[in-house]
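Note that my numbering has the sequence shown beginning at 7, numbered continuously upward.
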Amino acid sequence: MASTPEPEDGRELYALLHLSPDASDEEIRRAYRQYAQIYHPDKYQDPQMKEVATENFQRIRNAYEILSDENKRQIYDIYGMEGLNSGLELGPKLTKPEEIREQLERLRRRKEEEKLLVHARPNGSIIANFSVPQYLDGDGIMKGMGMSSEVELPVSKQNTVIVGGNLVVNGSAGTGAASTVLRHQLSSVSHIDFMATAGLRSVIGMQTFRQISPHSTATSGLAVSLRDGSINLSNAWTRQLSENAVGNIQLVLGDESSISVGWQKKDEKRTATGEIKFGTNFFGASAYYIHRFSSKSHARVAGRVGSTALDFEIGGGRRISEFSTVRMMYNIGIQGVSWRFELHRAGQKLIIPVLLSTDSNALFVTSAFAIPSTLYFLLQTYVVKPYYLKREKQKTLEKMEGLSTQLTEARKAAKKAQKLLEPVSNRKKNRQLENNGLVITKALYGNRRKIKESSELNEINDDVASQVFDVTIPLNFLVTEAGQLKLHEGIKKSGIMGFYDPCPGDPKLLLVEYTFHGRKYKVMVDDYEALLIPQDIHQF
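Structural data, given as structure tokens:
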């Protein structure tokens with residue numbers, strides 16, 4: 007069973023009602039009534055105060071409705087608000103934590119499967135071949151065109167249907183094919199495919215895949231031609247050679263028997279691949295190397311040599327959006343000199359090879375490489391790079407402005423919540439003063455370093471003020487009649503009513519200075535650390 011994820015909201019609902027995660031139903035009701043008396047909208051006539059009360063009362067009511075419902079509380083305790091918002095529901099009453107987790111895992115997987123079933127995964131490519139020599143000879147510039155498409159359709163948890171087809175046109179001749187694959191998941195480590203292809207080569211077959219060890223996989227296939235009855239057998243083995251390297255061997259027996267050995271090594275910056283293949287009437291070797299300069303740009307070098315091919319290519323690509331990449335390659339080989347332009351977007355590809363010349367003239371070969379390379383680097387240096395730097399800077403500024411606006415709004419909301427707490431907080435404070443009890447004189451919550459700096463200062467400067475928040479009022483409100491204040495362990499303090507997070511992502515501290523029986527005390531605790539005051543060890 008998968009490990010249970012920890013809630014990412016810091017148990018905010020417990021913080022909001024000032025409760026322990028182990029709070030009883032009666033403690034939850036008592037906490038709700040306490041805050042409802044403060045924030046019920048009917049208590050206020052002023053429109054602004056009524057609006058603030060309504061907003062905070064709704065927060066309190068939502069927290070109470072979740073924590074007072076046994077099933078919802080169980081889901082929240084394990085998965086947080088994400089579990090509730092995803093629509094998870096528990097069936098019959100479960101008592102053991104293990105049973106609850108198993109049930110939630112089943113429901114979570116079912117939700118993920120339902121999402122999967124409504125999405126088909128399409129893949130496709132279009133290849134448009136252009137020929138400059140053909141155009142100069144008086145024929146059309148378009149040499150040929152090819153299209154292929156494939157759609158993966160999950161029909162159940164174990165079964166997937168893959169439907170595809172392709173069409174190729176060269177001059178006045180063309181051909182096409184359609185294929186269907188049914189994939190059945192036998193287990194978590196194996197599946198079997200049943201295939202059928204109709205067209206120029208009508209074939210039926212099957213293929214099995216199995217992970218035979220943590221580092222090795224094996225694939226076996228059988229294909230029968232419906233035209234002449236010929237049979238092809240294939241076997242492939244793949245093994246993880248190291249953390250970043252994979253090796254594979256493939257053996258094919260039939261009309262076109264062959265054996266191939268391949269290798270790939272891939273890390274964060276580079277990918278290198280090589281393959282050697284021998285057949286009954288051919289041989290070949292190929293390799294390519296990709297170097298990633300950044301998450302957005304890369305260079306590629308590739309080469310092929312064999313009985314039917316001899317070429318070398320060099321080029322590069324750039325990611326222009328989250329799902330789109332463009333690439334340009336320069337190729338020289340036995341067919342001539344060509345460029346190839348590619349656009350990749352999600353699972354779709356547009357590939358445009360352009361044959362420039364069948365003549366390998368040294369000057370032309372050099373020019374065909376140098377001219378686009380020079381243009382690329384000029385565009386990259388003086389147009390593309392400045393544009394992206396400007397755009398990234400703009401995004402950063404917008405993000406900072408957005409975060410600043412959010413923090414400003416959160417600070418305002420926390421101050422408004424404190425304003426409604428203030429009358430009751432002051433009454434509690436005055437009662438403690440009369441009894442020489444616990445009085446919070448200063449409480450600051452925020453950036454760890456700034457809190458430590460502010461503890462040495464009598465006044466808070468602007469730099470510190472933006473990173474910390476005064477929470478004296480809400481802490482005085484939480485002091486009990488017995489003159490105690492307890493903040494529970496594992497509860498993020500920014501969720502307490504009248505608090506907010508002034509520095510998201512930074513380590514935070516809570517500084518509390520208080521008096522008790524005429525003595526002064528001071529304590530600092532981490533964001534999730536428990537706090538119980540008064541204690542003699544806090545005296546200074």
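The beta carbon of each residue, even a glycine, is placed where N, CA and C say it ideally should be. It should be emphasised that the depicted structure is a prediction, and the values quoted were computed from it without experimental measurement.
Q | Local Cβ density within 10 Å of S30, reported as buried at 16 or more and exposed below that | A | So S30 ends up on the exposed side.
Q: Note the first and the last residue of the continuous alpha helix (DSSP H) segment covering D31.
A: If you look at D31, you'll find it in the alpha helix (DSSP H) that goes D31 to Y45.
Q.
Do F284 and I265 have their beta-carbon atoms positioned less than 7 Å apart in this structure?
A. Contact check for I265 against F284 passes: the beta carbons are separated by less than 7 Å.
(Q) Using 8 Å for Cβ pairs, my map puts T244 next to S222. What's the rounded Cβ distance? (A) Yes, they are in contact, since the Cβ atoms of T244 and S222 sit about 7 Å apart, within 8 Å.
Q) Alpha carbon to alpha carbon, what distance is there between A69 and H46? A) Whole-angstrom Cα-Cα distance: 15 Å.
Q: Look at the alpha carbon of S154 and the alpha carbon of V174, and state the distance between them as a whole number of angstroms.
A: Roughly 9 Å between the two C-alpha positions.
Q: Could you tell me if Y20 is buried or exposed, where buried requires 16 or more neighbouring beta carbons within 10 angstroms of its beta carbon?
A: Its Cβ being crowded by 16 or more others within 10 Å, Y20 is buried.
Q) Which residues in the same chain have their Cβ closer than 6 Å to the Cβ of D261, if we skip the five residues on either side of it in sequence? A) Excluding sequence neighbours, D261 sits near S236.
Q: Check whether the Cβ atoms of Q473 and N453 sit closer than 7 Å, and answer yes or no.
A: Against a cut-off of 7 Å, the Cβ pair of N453 and Q473 comes out as a contact.
Q: Name the two residues that bound the continuous alpha helix (DSSP H) containing Q140.
A: Run containing Q140: V138 to L142, per the alpha helix (DSSP H) assignment.
**Q.** Exposure of E407, with buried meaning 16 or more beta-carbon neighbours within 10 Å
**A.** E407 sits exposed, since fewer than 16 C-beta atoms from the chains shown fall within 10 Å of its C-beta.
Q: Taking only the alpha-carbon atoms, compute the straight-line gap between N287 and K396 and give it to the nearest angstrom.
A: In a straight line, the C-alpha of N287 is about 56 Å away from that of K396.
(Q) I need the boundaries of the beta strand (DSSP E) containing I457, first residue and last residue. (A) Here I457 belongs to no beta strand (DSSP E); instead the alpha helix (DSSP H) covers R454 to S460.
Q. For D83, which of helix, strand or coil comes out of DSSP?
A. In the three-state scheme derived from DSSP, where H, G and I count as helix and E and B as strand, D83 is classed as helix.
Q. Can you tell which of D48, E156, S193 and Q412 has its C-alpha closest to the C-alpha of T186?
A. Comparing Cα-Cα distances from T186 to each of D48, E156, S193 and Q412, the minimum goes to E156.
Q.
Taking the straight line between their C-alpha atoms, what separation do you get for L516 and Q191?
A. Rounded to the nearest angstrom, the two C-alpha atoms are 53 Å apart.
Q. Three-state secondary structure (DSSP) at P160?
A. Per DSSP, reduced to three states, the secondary structure at P160 is strand.
Q. DSSP on L536, reduced to helix/strand/coil?
A. The question names Leu, yet the displayed sequence has Ala at residue 536. In the three-state scheme derived from DSSP, where H, G and I count as helix and E and B as strand, A536 is classed as coil.
Q. Between Y141 and V195, what straight-line distance do the alpha-carbon atoms span, to the nearest angstrom?
A. Rounded to whole angstroms, Y141 to V195 spans 53 Å at the Cα level.
Q: Return helix, strand or coil for I218, following the three-state DSSP convention.
A: It is a strand residue.
Q. If you draw a straight line from the C-alpha of S301 to the C-alpha of V332, how long is it?
A. Between the C-alpha atoms of S301 and V332 there is a straight-line separation of about 14 Å.
Q: Let me know the secondary structure DSSP gives H350 once reduced to three states.
A: Strand at H350.
Q | Nearest-angstrom Cβ-Cβ length linking V343 and L362, presumed shorter than 8 Å | A | Going by Cβ atoms, the distance from V343 to L362 rounds to 5 Å, so yes, they are a contact pair.
Q: Whole angstroms is fine: what's the gap from D542's alpha carbon to V445's?
A: Straight-line measurement puts the Cα of V445 at about 15 Å from the Cα of D542.
Q) Can you tell which of A251, G146, P160 and N432 has its C-alpha closest to the C-alpha of G177? A) Out of A251, G146, P160 and N432, G146 has the C-alpha closest to the C-alpha of G177.
Q. On the three-pair Cβ rule with 8 Å, is the segment 34-44 touching the segment 61-81?
A. A contact is defined here as three or more CB-CB pairs under 8 Å, and the segment 34-44 meets this definition with respect to the segment 61-81.
Q) Around the Cβ of V389, are there at least 16 other Cβ atoms within 10 angstroms (buried) or fewer (exposed)? A) Residue environment: V389 is assigned as exposed (fewer than 16 neighbouring CB atoms within 10 Å of its CB, all protein chains considered).
(Q) At the level of alpha carbons, what is the spacing between Y1 and G268? (A) Nothing can be reported for residue 1, as the shown portion of the chain is limited to 7 through 546.
Q. In chain order, what residues of the same chain have a beta carbon less than 8 Å from the beta carbon of T314, not counting five sequence neighbours either side?
A. Excluding positions up to five away in sequence, the list reads F288 and G290.
Q) Cα-Cα, which of A449, Y506 and R306 is closest to E415? A) Answer by Cα proximity: Y506.
Q. DSSP state of T101, grouped into three classes?
A. Confidence is the limiting factor: at T101 the pLDDT is only 49, short of 50, which leaves the residue's position unreliable and the question unanswerable from this model.
Q: Note down, in chain order, each residue of its chain lying with its Cβ closer than 7 Å to the Cβ of R79, except the 5 sequence neighbours on either side.
A: So the qualifying residues of the chain are I72 and L73.
Q. What three-state label does DSSP hand L385 in the structure shown?
A. Three-state DSSP puts L385 in a helix.
Q: Could you have a look at I338 and say whether DSSP puts it in helix, strand or coil?
A: In the structure shown, I338 sits in a strand (DSSP, three-state: E or B).
Q: Could you check what DSSP says for L192 in three-state terms: helix, strand or coil?
A: Looking at L192 - three-state DSSP - the assignment turns out to be strand.
Q. What does a CB cutoff of less than 6 Å around E348 pick up in its chain, not counting 5 residues either side in sequence?
A. Its chain contains R333 and I357 as the residues whose beta carbon lies nearer than 6 Å to that of E348, once the 5 sequence neighbours on both sides are disregarded; these appear in chain order.
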